[in-house]
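Worksheet: the structure to be examined is printed underneath.
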Ligand code: F6P
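Residue numbers (the numbering used here): 1 to 561.
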């Protein structure tokens, strides 16, 4: 029987005619394509490679492709059955085949009645937002000052990224903390700052079994009871909430304010669900709904725009082009907005947990590279750290810049002088962003470098040697995404853009982007090793693990200072 996921409907990209054509095209034109020459030849190149999606404009012109490449890549998407695959996801078919689950994070941001499970989704959303508003009122009255979200991976990274990004929209007087690591050095300094009577804890875990989260939740509960004193047990109901699919486990923990979600929401796609409660607490119900609406607008674009003008599709295709044809194994993300400083970490999980796979849907080994390493830092900070390597290193790295046109600092910065100063800083930020992508592309020849004075150059060396050190090969590719402003709506659209882009490259590789078996082995081994830390038993272990256990003092009582 031919199912939606069979190779007949959804072939792997390397089984298509377009793939073979792209191989030839890469050898003939792609490998050597010079961006400087391409711009000199075609004054319309910027417009030809500009794409506007909801809330996000993309300049794709500084990528090492031409119109023929784009046509072949778009053919590749079509021949790989990307449209059928996308439609299957949106319709709620069980495309997460290894777990037999649907993949319906898009249903979480669809208007009532517009996607599967609408009633369930909207009744939890309404309840979660009503709870958030109630807590925000408590905060205004000074009853709550701090919220601690305890969760890890997908139950942490989304809210932890979005809350600072939307700081300008956040209610003042309510501080959000995020605790994820099982290392007590994460929770201890947070607890130290808190007043139990004014703190709300959220235990966020899809499964409510994750070791790190459960350990931190138990510790937080013990701390709360200790600090609260008499009446602490009864106060848990007011001071603890849970966001989980495992409502029974939350009840056993003693939490009654529980907001559920469903197995068809992947952890790394869950910030739109009840897992978004910390976001709703920070920015309020209306802004949370705007975040959902922005994501939904991008979903509609992904669902309906032609492949050639479909931004997630084109970005996913470029990712495959660099990964499988140019041999690039990493992509650097540089958001030029301090609020987006956690975006690279968020994208690491989104992309690397989704597409870091080496077999296809049938379990057949993949002959091509899959997920790149995704990394980065907010600009301009990254410039003063690793950009050296991007400009002059031996590897060509795809760089993605994110620029935001207008600033929004929130209502507090009122003085005109301060506003002028901030406007000036914003221009400096944007100039830096543009300068970096320009420098990556244009480079500088040794001949050009030789004509310049380099004040710190050693007088011992001749001009030509110094010029070789000071030259830049250039022709290094980048994409620039532009938002008009960083608002709940535009951020929602931006995140959904990344989600769909990861879907596209995963679909072309014919992998299951929605499971994460690769994290299981380490978890199982950790359970086996944990008792050995107390007993010191190293029997049957490999030599290195046994040696390290001893070195770490296994078998002796732990030092907690
Ligand atoms: O690390 C694996 C993982 O399952 C992630 O996919 C997930 O986001 C994270 O752990 C947290 O899981 P949970 O929400 O069930 O605590």
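Every residue gets a Cβ at the ideal spot worked out from N, C-alpha and C, and that includes glycine. These numbers were taken from a predicted model, which means no experiment stands behind them.
- Remark: C-beta atoms of residue 432 and residue 383 approach each other more closely than 8 Å.
- Considering only 247, 252, 265, the residue with the shortest C-alpha distance to residue 258 is 247.
- The straight-line gap separating the alpha-carbon atoms of residue 128 and residue 437 is approximately 42 Å.
- About 6 Å separates the Cβ atoms of residue 278 and residue 147, confirming a contact at the 8 Å cut-off.
- Listed as beta-bridge partners of residue 304 by DSSP are no residues whatsoever.
- Between the ligand F6P and residue 412, a heavy atom-to-CB distance of less than 7 Å is absent.
- Linking residue 174 to residue 240 through their CA atoms gives a straight-line distance of about 16 Å.
- In the three-state reduction of the DSSP assignment, residue 346 falls in the helix class.
- Nearest C-alpha to residue 370 among 488, 324, 114: 324.
- In the DSSP assignment, residue 144 falls outside any alpha helix (DSSP H), carrying neither H nor E.
- At the C-beta level, residue 430 and residue 409 stay beyond 8 Å of one another.
- Look at the beta carbons and you see the stretch 281 to 297 touching the stretch 129 to 141: at least three pairs across the two are nearer than 8 Å.
- Under the DSSP assignment, residue 259 falls in the beta strand (DSSP E) whose first and last residues are 257 to 260.
- With contacts defined by Cβ atoms closer than 8 Å, residue 349 and residue 154 form a contacting pair.
- If you draw a 10 Å sphere on the C-beta of residue 400, you find 16 or more other C-beta atoms in it, and that means buried.
- Setting aside the 5 residues that flank it on each side, residue 406 is surrounded in the same chain by 484, 485, each with a C-beta closer than 8 Å to its C-beta; the list follows chain order.
- According to the DSSP secondary-structure assignment, residue 330 is paired through a beta bridge with 373.
- For residue 170, there is no enclosing beta strand (DSSP E), as DSSP gives it neither H nor E.
- Secondary structure at residue 131: helix, using DSSP grouped into helix, strand and coil.
- DSSP places residue 201 outside any alpha helix (DSSP H); the residue lies instead in the beta strand (DSSP E), whose first and last residues are 199 to 204.
- For residue 37, no beta strand (DSSP E) run applies; the uninterrupted alpha helix (DSSP H) run containing it begins and ends at 35 to 41, by DSSP.
- Here residue 478 carries a strand assignment [DSSP, helix/strand/coil].
- Counting C-beta atoms within 10 angstroms of its own C-beta, residue 213 has 16 or more neighbours from the protein chains shown and is therefore classed as buried.
- Within the chosen limit of 7 Å, the ligand F6P reaches the beta carbon of residue 516 through at least one heavy atom.
- According to the DSSP secondary-structure assignment, residue 59 is paired through a beta bridge with 50, 480.
- Here residue 101 is bridged, per DSSP, to 96.
- The closest CA to that of residue 306, considering only 541, 82, 37, 45, is found on 82.
- Residue 296 sits in a helix when the DSSP states are folded into three classes.
- Excluding residues up to 5 positions away in sequence, 136 lie with their Cβ nearer than 6 Å to the Cβ of residue 171 in the same chain.
- Between residue 209 and residue 59, the alpha-carbon positions lie close to 43 Å from each other.
- For residue 279, the enclosing alpha helix (DSSP H) stretches over residues 277 to 283.
- With a threshold of 7 Å, the Cβ atom of residue 136 does not count as near the ligand F6P, since no heavy atom of the ligand is closer than that.
- Contact between the stretch 63 to 78 and the stretch 330 to 342 is absent: fewer than 3 CB-CB pairs across the two stretches fall below 8 Å.
- Judged by beta-carbon spacing, residue 150 lies within the 8 Å limit of residue 216, meaning their Cβ atoms are closer than that value.
- Taking 8 Å as the cut-off, the Cβ atoms of residue 164 and residue 287 do not count as close.
- Beta-carbon to beta-carbon, residue 358 and residue 347 are separated by about 20 Å, too far to satisfy the 8 Å threshold.
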